[in-house]
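Numbering (this note's numbering), first residue to last: 44 to 344.
Okay, structure coming up:
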């Protein structure tokens, strides 16, 4: 028999690849990404080296403020403080800046009072040793004097360092002592010591009020403090146009009625050399409250 040729063998099984074969574009992608990141790092470093050093923020040092910036800052501080005053907050913990303290003196026999302390303050714009040994040491305060000739009144304004001293218990007592002395020696028909924001016509802090008798002390209180208006931070609303009108309106009130009203608001009264009404240091808006209560009992135009 003829021999059958052996069958042809096909190609053997393919060998498994040892790794994943990638297209050429994908093979170079990681390299391109790495190069790109490297270039970005180099560019960033170079830019940082060439960039000028950052400038510091403007200093908050008050010495570097412009007059307008300082005025605006003090106004904001004072308005924040008076908001605390009228809402019962811890006002004593705040920086009490931007206030002006005023010593008001009524006429004596219809004329503007005069006194050596007033004349010296008018000329030098400060208090001297003849006024008060401690207040004379204030070196950053200013004093100005305004005479209201038609009304027969005079007002001494204390600002800056003097106002800060007023908001300390010892300084406040010294201002009251100075007011008592001037009122007694001039025979002024009324006197008052109060404070308010320098840029506002407000009477927020009433400290001391004086008259030759109880009724005139009450008249000084109502005339200076008026009737507080508004709700949260009251504005000053005069109770009447002139002092004589208020004095005439207080005449029918009994002394006991007046004294009871102010004492209910924590005031201390002294009846030596006239009558003085002093309101508590810890409750500075009580004077305005007493003024409103007395004004409600008066018959005013």
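Glycine included, C-beta positions come from ideal geometry on N, C-alpha and C.
No experiment lies behind these values; they were computed from the predicted model shown.
* Asked: Do you know how far the Cα of residue 140 is from the Cα of residue 115?
  -> For the purposes of this step, residue 115 is taken as residue 72 along the chain shown, with counting starting at 1. For the purposes of this step, residue 140 is taken as residue 97 along the chain shown, with counting starting at 1. Their backbone Cα atoms lie some 11 angstroms apart in a straight line.
* Look up residue 343 in the DSSP assignment and say whether it is helix, strand or coil. => Here residue 343 is taken as the residue at index 300 of the chain shown, counted from 1. Three-state DSSP puts residue 343 in coil, outside helix and strand.
* To do: For the region 167–175 and the region 259–275, state whether three or more C-beta atom pairs, one from each stretch, are separated by less than 8 angstroms.
  => no
* To do: Report the rounded CA-to-CA distance for residue 325 versus residue 108, giving the unit in angstroms.
  => Locating residue 325 in the chain shown gives position 282, where the first residue counts as 1. Locating residue 108 in the chain shown gives position 65, where the first residue counts as 1. Cα to Cα, the separation comes out at about 33 angstroms.
* Asked: Residue range of the beta strand (DSSP E) that residue 233 falls in?
  -> By 1-based counting over the chain shown, the position of residue 233 is 190. That run of the beta strand (DSSP E) goes 233–240.
* Asked: From 232, 111, 143 and 110, pick the residue whose C-alpha is nearest to that of residue 121; which is it?
  -> Sequence index remark: in the chain shown, residue 121 carries index 78 (1-based). Per the Cα distances, 143.
* Inter-residue spacing [alpha-carbon to alpha-carbon] between residue 103 and residue 110 -> Position 60 of the chain shown holds residue 103. Position 67 of the chain shown holds residue 110. Annotation note: pLDDT 47 at residue 103 (below 50); position unreliable, coordinate value reported separately. Those two C-alpha atoms are separated by around 14 angstroms.
* Thinking C-beta only, is residue 129 closer than 9 angstroms to residue 235? -> Sequence index remark: in the chain shown, residue 235 carries index 192 (1-based). Sequence index remark: in the chain shown, residue 129 carries index 86 (1-based). No, they are not a contact pair.
* Would you tell me roughly how many angstroms separate the C-alpha atoms of residue 226 and residue 291, rounded to the nearest one? => Within the chain shown, the letter at position 183 stands for residue 226. Within the chain shown, the letter at position 248 stands for residue 291. The alpha-carbon atoms of residue 226 and residue 291 are separated by roughly 21 angstroms.
* Boundaries of the alpha helix (DSSP H) in which residue 4 is found, first to last residue -> Past the boundaries of the shown model lies residue 4; the chain is included only from 44 to 344, so the question cannot be answered.
* To do: Measure from the alpha carbon of residue 262 to the alpha carbon of each residue in 279, 313 and 296, then state which is nearest.
  => Taking the first residue of the chain shown as 1, we reach residue 262 at position 219. Minimum Cα distance to residue 262 is reached at 296.
* To do: Kindly indicate which three-state DSSP category residue 218 falls into: helix, strand or coil?
  => Here residue 218 corresponds to residue number 175 of the chain shown, with the count starting at 1. Note: residue 218 maps to helix in three-state DSSP.
* residue 246 and residue 331 closer than 9 angstroms at C-beta -> Residue 246 sits at position 203 when you count from the first residue of the chain shown. Residue 331 sits at position 288 when you count from the first residue of the chain shown. Yes.
* Asked: residue 116 lies in the alpha helix (DSSP H); which residues open and close that run?
  -> Stepping through the chain shown from its first residue, residue 116 is reached at position 73. Looking at the DSSP string, the run of the alpha helix (DSSP H) that includes residue 116 is 110–130.
* To do: May I have the straight-line CA-CA distance separating residue 339 from residue 294, to the nearest angstrom?
  => Residue numbering aside, residue 339 sits at position 296 when the chain shown is read from its first letter. Residue numbering aside, residue 294 sits at position 251 when the chain shown is read from its first letter. Whole-angstrom Cα-Cα distance: 14 angstroms.
* Near residue 191, what residues of its chain come up, given a Cβ to Cβ distance below 8 angstroms and the 5 sequence neighbours on each side ignored? -> Your numbering for residue 191 matches position 148 in the chain shown. Only 155, 197 and 198 meet the Cβ criterion.
* **Straight-line Cα distance separating residue 149 from residue 256** => In the chain shown, residue 256 corresponds to position 213, counting from 1. In the chain shown, residue 149 corresponds to position 106, counting from 1. Spanning the two alpha carbons is a distance of roughly 14 angstroms.
* Asked: Using the beta-carbon count (16 or more within 10 Å), is residue 211 buried or exposed?
  -> As a working mapping, residue 211 is identified with position 168 in the chain shown. Classification for residue 211: exposed.
* Asked: Taking all protein chains shown into account, do 16 or more other C-beta atoms lie within 10 angstroms of the C-beta of residue 189, making it buried, or fewer, making it exposed?
  -> Stepping through the chain shown from its first residue, residue 189 is reached at position 146. Under this definition residue 189 is an exposed residue.
* To do: Since I believe residue 232 is in contact with residue 345 (beta carbons under 8 angstroms), could you give me their beta-carbon distance rounded to a whole number of angstroms?
  => Residue numbering for the chain in the displayed model covers 44 to 344; residue 345 lies beyond these limits and cannot be assessed.
* Residue from 253, 131, 344 and 337 with nearest C-alpha to residue 300 -> Residue mapping note: residue 300 aligns to position 257 of the chain shown, counting from 1. The shortest Cα separation from residue 300 among 253, 131, 344 and 337 belongs to 337.
* Given a threshold of 16 other Cβ atoms within 10 Å of its Cβ, counted over all protein chains shown, does residue 230 qualify as buried or as exposed? -> For the purposes of this step, residue 230 is taken as residue 187 along the chain shown, with counting starting at 1. Label assigned to residue 230: exposed.
* How long is the line joining the alpha carbons of residue 251 and residue 320, rounded to whole angstroms? -> Here residue 251 refers to the residue found at position 208 when the chain shown is read from its first residue. Here residue 320 refers to the residue found at position 277 when the chain shown is read from its first residue. Whole-angstrom Cα-Cα distance: 6 angstroms.
* **DSSP three-state assignment for residue 320, whether helix, strand or coil** => Here residue 320 refers to the residue found at position 277 of the chain shown. Here residue 320 sits in strand by DSSP.
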